[in-house]
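Take a look at the structure below.
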Amino acid sequence: MKITIHDVARRAGVSTATVSLVLHNKRKISEETRKRVLKAIQELNYHPSQVARGLVLKQTGNIGFVLTEDHFLRTEPFYTRIFLGTEFEARDSNYFVLLATIPNDFFDDTPLPRFVMQQNVDGIIIAGKVPLKFLDKLRSYNFPLVFVDYYPPRGTYSAVLIDNIRGGMIATDHLIELGHQKIAFIGGDLQHPSISERYLGYKLALEKHGLTYDADLVVTGEQSTSKENGYRAVCALLDKKTEFTALFACNDAMAMGAMECLKKRGIKIPEQVSIVGFDDIEQDAFLDPPLTTIAVPKPDLGIEAMKLMQDILNKNIRTNKKVLVPVELVVRKSTTRLRD
Numbered sequence: 001m002k003i004t005i006h007d008v009a010r011r012a013g014v015s016t017a018t019v020s021l022v023l024h025n026k027r028k029i030s031e032e033t034r035k036r037v038l039k040a041i042q043e044l045n046y047h048p049s050q051v052a053r054g055l056v057l058k059q060t061g062n063i064g065f066v067l068t069e070d071h072f073l074r075t076e077p078f079y080t081r082i083f084l085g086t087e088f089e090a091r092d093s094n095y096f097v098l099l100a101t102i103p104n105d106f107f108d109d110t111p112l113p114r115f116v117m118q119q120n121v122d123g124i125i126i127a128g129k130v131p132l133k134f135l136d137k138l139r140s141y142n143f144p145l146v147f148v149d150y151y152p153p154r155g156t157y158s159a160v161l162i163d164n165i166r167g168g169m170i171a172t173d174h175l176i177e178l179g180h181q182k183i184a185f186i187g188g189d190l191q192h193p194s195i196s197e198r199y200l201g202y203k204l205a206l207e208k209h210g211l212t213y214d215a216d217l218v219v220t221g222e223q224s225t226s227k228e229n230g231y232r233a234v235c236a237l238l239d240k241k242t243e244f245t246a247l248f249a250c251n252d253a254m255a256m257g258a259m260e261c262l263k264k265r266g267i268k269i270p271e272q273v274s275i276v277g278f279d280d281i282e283q284d285a286f287l288d289p290p291l292t293t294i295a296v297p298k299p300d301l302g303i304e305a306m307k308l309m310q311d312i313l314n315k316n317i318r319t320n321k322k323v324l325v326p327v328e329l330v331v332r333k334s335t336t337r338l339r340d
């Protein structure tokens with residue numbers, strides 16, 4: 001049977017009007033009466049709205065979700081899948097998720113999201129790399145924070161991260177096991193932890209198999225890991241007459257750009273160059289050839305982030321826990337054994 005405001009009023013020995021005044025935090029109610037009504041709400045598990053929840057639990061029931069405009073506008077739905085995972089878990093736990101984007105270039109006078117300034121959230125999940133000036137400005141509000149797919153260079157935080165090092169190793173291992181030794185790597189800004197970790201996995205796999213690292217086979221540095229930058233990176237390798245029979249791209253967008261460059265230059269995939277990407281976005285299976293890649297369970301990142309946030313809020317403690325989400329190799333037709 002559904003508990004109503006009348007049940008609360010009877011349990012507290014007051015009128016329904018008094019219960020309503022308490023729910024709306026009106027000051028004309030005595031502290032003794034307020035406590036009696038709140039106790040009745042708790043005992044009956046009466047939560048008619050977020051207002052009641054906030055009064056009883058001293059929480060808003062809202063979780064902020066922040067990412068940059070660049071990440072929000074990306075063609076491949078990587079961060080939107082993370083958001084959906086957060087939303088699924090929040091819905092099951094009776095939380096609301098409030099989404100906000102921030103500019104990629106964040107200045108001292110750039111406003112924070114409204115839910116931050118109005119303190120209308122219990123904690124904030126931050127997806128992907130964000131400007132340090134944003135974090136500096138946000139820090140003064142003292143919200144619990146959980147990062148996804150990014151860990152800031154300053155401070156200690158709770159975070160849900162992709163097992164990027166292992167993913168980089170698996171991708172490179174796959175190419176080496178197919179007989180490739182001249183394996184190129186293309187990536188973005190190595191200051192981004194995800195990119196630097198995938199790059200480290202690439203180097204560790206080479207070392208494990210006794211292959212010499214060759215800096216001439218590596219192109220990094222671009223701020224954006226876009227299809228366009230993948231195209232430019234591989235064209236730069238070809239223009240330098242760098243010889244390679246396989247390529248590991250730090251994400252699928254760059255892998256797609258690499259494929260376009262190779263095709264334009266008349267280089268066959270995978271007969272002449274094998275390619276592995278990272279992320280396993282939806283388009284991969286429909287490329288020509290379909291892309292071998294490292295699959296990242298994107299909704300799981302959001303689910304784990306929301307679970308971690310709930311742990312922080314329910315235990316009322318700030319943890320610095322890191323959760324690593326595993327990845328796996330998905331073999332399609334963009335890789336093949338090296339021909340003699």
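Just so we're aligned, residue 1 is where the sequence shown starts under the UniProt record's numbering, counting upward by one. Even for Gly, the Cβ is constructed at its ideal location relative to N, Cα and C.
* To do: Express the C-alpha separation of residue 181 and residue 212 in angstroms, rounding to a whole number.
  => Your numbering for residue 212 matches position 212 in the sequence shown. Your numbering for residue 181 matches position 181 in the sequence shown. Near 9 Å, if we compare the C-alpha coordinates of residue 181 and residue 212.
* Asked: So, residue 123 versus residue 63, is the Cβ gap smaller than 8 Å?
  -> Your numbering for residue 123 matches position 123 in the sequence shown. Your numbering for residue 63 matches position 63 in the sequence shown. Yes.
* Asked: Expressed to the nearest angstrom, what Euclidean distance is found between the alpha-carbon atoms of residue 159 and residue 249?
  -> The sequence position of residue 159 within the sequence shown is 159, counting from 1. The sequence position of residue 249 within the sequence shown is 249, counting from 1. Their Cα atoms are separated by approximately 24 Å.
* To do: Express the C-alpha separation of residue 59 and residue 40 in angstroms, rounding to a whole number.
  => Counting from 1 along the sequence shown, the entry for residue 40 is found at position 40. Counting from 1 along the sequence shown, the entry for residue 59 is found at position 59. Going from the Cα of residue 40 to the Cα of residue 59 covers about 18 Å.
* **Three-state secondary structure assigned by DSSP to residue 208** => Taking the sequence shown and counting its residues from 1, the one referred to as residue 208 is at position 208. Reduced to three states, the DSSP call for residue 208 is helix.
* Asked: Buried or exposed: which applies to residue 227, given that a residue is buried once 16 or more other Cβ atoms fall within 10 Å of its Cβ?
  -> For the purposes of this step, residue 227 is identified with residue 227 of the sequence shown, where counting begins at 1. Buried, because 16 or more other Cβ atoms sit within 10 Å of the Cβ of residue 227.
* For residue 313, name the three-state secondary structure that DSSP assigns. => The residue given as residue 313 occupies position 313 in the sequence shown. The answer is helix: DSSP assigns residue 313 an H, G or I state.
* Environment of residue 105 [buried if 16+ CB atoms lie within 10 Å] -> Sequence index remark: in the sequence shown, residue 105 carries index 105 (1-based). By the neighbour-count rule (16 or more Cβ atoms within 10 Å), residue 105 is not buried but exposed.
* Asked: Helix, strand or coil: which one does DSSP assign to residue 242?
  -> By one-based count along the sequence shown, residue 242 stands at place 242. The answer is coil: DSSP assigns residue 242 none of H, G, I, E or B.
* Tell me whether residue 28 is buried or exposed, calling it buried when 16 or more other Cβ atoms sit within 10 Å of its Cβ. => Here residue 28 corresponds to residue number 28 of the sequence shown, with the count starting at 1. That one is exposed.
* Asked: Is the beta carbon of residue 275 less than 8 Å from the beta carbon of residue 334?
  -> As a working mapping, residue 275 is identified with position 275 in the sequence shown. As a working mapping, residue 334 is identified with position 334 in the sequence shown. Yes, Cβ-Cβ distance for residue 275 and residue 334 is below 8 Å.
* To do: Return the first residue and the last residue of the alpha helix (DSSP H) that residue 70 is part of.
  => For the purposes of this step, residue 70 is taken as the residue at position 70 of the sequence shown. That run of the alpha helix (DSSP H) goes 69-72.
* Asked: Just how far apart, CA to CA, sit residue 331 and residue 291?
  -> Translated into positions along the sequence shown, residue 331 becomes position 331. Translated into positions along the sequence shown, residue 291 becomes position 291. Approximately 8 Å between the Cα atoms of the pair.
* Per DSSP, what kind of secondary structure is residue 247 in: helix, strand or coil? -> In the sequence shown, residue 247 corresponds to position 247, counting from 1. Looking at residue 247 - three-state DSSP - the assignment turns out to be strand.
* Could you give the residue range of the alpha helix (DSSP H) that holds residue 16? -> Along the sequence shown, read from residue 1 onward, the residue named residue 16 stands at position 16. Unbroken alpha helix (DSSP H) run through residue 16: 16-23.
* Enumerate, from N- to C-terminal direction, the unbroken beta strand (DSSP E) stretches of 3 or more residues contained entirely within the stretch 76-105. => 96-102
* Do residue 302 and residue 82 have their C-beta atoms within less than 8 Å of each other? -> Here the question's residue 302 lines up with position 302 in the sequence shown. Here the question's residue 82 lines up with position 82 in the sequence shown. It is a contact, given that the beta carbons lie within the stated cut-off.
* Asked: Given that a residue counts as buried once 16 or more other Cβ atoms are within 10 Å of its Cβ, and exposed if not, what is residue 117?
  -> The count along the sequence shown starts at 1 and reaches residue 117 at position 117. Classification of residue 117: exposed, given that the 10 Å Cβ count is below 16.
* Shortest alpha-carbon distance to residue 170 belongs to which of 241, 326, 7 and 8? -> The residue labelled residue 170 in the question sits at position 170 within the sequence shown. Per the Cα distances, 326.
* Assign residue 298 to buried or exposed, taking buried as 16 or more other Cβ atoms, counted over all protein chains shown, within 10 Å of its Cβ. => Sequence index remark: in the sequence shown, residue 298 carries index 298 (1-based). Flag for residue 298 reads buried.
* **Option nearest residue 97 by Cα separation, candidates 184, 108, 107 and 85** => Position 97 of the sequence shown, counting from 1, holds the residue named residue 97. Cα-wise, what sits closest to residue 97 is 85.
* So, residue 284 versus residue 296, is the Cβ gap smaller than 8 Å? -> Looking up residue 284 in the sequence shown gives position 284. Looking up residue 296 in the sequence shown gives position 296. No.
* Cutoff 8 Å; reference residue 111; Cβ partners in own chain excluding five residues on either side -> Sequence index remark: in the sequence shown, residue 111 carries index 111 (1-based). Cβ neighbours of residue 111 beyond the five flanking positions: 117.
* Asked: At what residue ranges does the stretch 133-176 contain a whole run of the beta strand (DSSP E), taking only runs of 3 or more?
  -> 145-148 and 158-162
* To do: Sort 120, 305, 5 and 10 by Cα distance to residue 161 and report the nearest one.
  => Start at 1 with the first residue of the sequence shown, and residue 161 comes out as number 161. The candidate whose alpha carbon is nearest that of residue 161 is 305.
* To do: Name, in chain order, the residues that DSSP records as bridge partners for residue 229.
  => Mapped onto the sequence shown, residue 229 falls at position 229. Paired residue(s): none; residue 229 is not in a bridge.
* To do: Look at residue 129 and residue 150 and say whether their C-beta atoms are less than 8 Å apart.
  => The residue labelled residue 129 in the question sits at position 129 within the sequence shown. The residue labelled residue 150 in the question sits at position 150 within the sequence shown. Yes; because the gap between Cβ atoms is below 8 Å, this pair is in contact.
* Which same chain residues, not among the five before or five after residue 174, have their C-beta less than 8 Å away from its C-beta? -> Start at 1 with the first residue of the sequence shown, and residue 174 comes out as number 174. Result list for residue 174: 276, 292, 329, 331 and 335, in chain order.
* Asked: Alpha carbon to alpha carbon, how far is residue 191 from residue 218?
  -> Sequence index remark: in the sequence shown, residue 191 carries index 191 (1-based). Sequence index remark: in the sequence shown, residue 218 carries index 218 (1-based). Near 15 Å, if we compare the C-alpha coordinates of residue 218 and residue 191.
* Rounded straight-line distance, which links the Cα of residue 107 to that of residue 144 -> In the sequence shown, residue 144 corresponds to position 144, counting from 1. In the sequence shown, residue 107 corresponds to position 107, counting from 1. Rounded to the nearest angstrom, the two C-alpha atoms are 23 Å apart.
* Asked: What are the partner residues of residue 62, as DSSP defines its beta bridges?
  -> Working through the sequence shown from its first residue, we reach residue 62 at position 62. 96, per the DSSP bridge assignment.
* To do: Whole angstroms is fine: what's the gap from residue 9's alpha carbon to residue 93's?
  => Locating residue 9 in the sequence shown gives position 9, counting from the first residue. Locating residue 93 in the sequence shown gives position 93, counting from the first residue. Approximately 27 Å between the Cα atoms of the pair.
* Same chain, Cβ closer than 8 Å to residue 270, five either side skipped, listed in chain order -> The residue you call residue 270 lines up with position 270 of the sequence shown. Counting only Cβ-Cβ distances below 8 Å, and skipping sequence neighbours, we find 289, 333, 334, 335 and 336.
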